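**Student:**
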Amino acid sequence: MAKKAGTKLKITLRKSSIAKPAKQKAVLAGLGLRKLNGFVERLDTPELRGMINKVAHLVEVEKL
143 MAKKAGTKLK ITLRKSSIAK PAKQKAVLAG LGLRKLNGFV ERLDTPELRG
193 MINKVAHLVE VEKL
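Following this note's numbering, the numbering of the sequence shown begins with 143 at its first residue and continues without gaps.
Structure below.
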């Protein structure tokens with residue numbers, strides 16, 4: 143759960159989604175990640191954390 147209102151995360155796609163299951167590709171699309179080394183900034187929510195956990199082996203997460 144978010145510790146503070148307004149806590150943001152920077153999520154970077156570090157590994158390719160080629161040959162990954164369709165559900166993982168859908169999660170990456172839901173996060174807004176398309177290209178390798180592409181990044182998005184999102185508010186830290188429980189829903190976002192769940193999505194990150196599903197593709198943790200493909201992404202890198204930093205707190206802002």
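Glycine included, every Cβ here is placed at the ideal spot set by N, Cα and C.
Bear in mind that the values here come from a model prediction, so they are computed numbers and not experimental data.
Need the endpoints of the alpha helix (DSSP H) that V197 sits in, please.
**Tutor:** Per DSSP, V197 belongs to no alpha helix (DSSP H) and is neither H nor E.
**Student:** Expressed to the nearest angstrom, what Euclidean distance is found between the alpha-carbon atoms of I153 and A161?
**Tutor:** 21 Å
**Student:** For I164 and G174, what's the separation of their Cα atoms in angstroms?
**Tutor:** The residue asked about is misnamed: residue 164 is Ala in this sequence, not Ile. Distance between the alpha carbons of A164 and G174 is about 15 Å.
**Student:** Quickly, what does DSSP pair R156 with across the bridge? List them, please.
**Tutor:** The beta-bridge partner set that DSSP reports for R156 is empty.
**Student:** Taking only the alpha-carbon atoms, compute the straight-line gap between S159 and R184 and give it to the nearest angstrom.
**Tutor:** 20 Å
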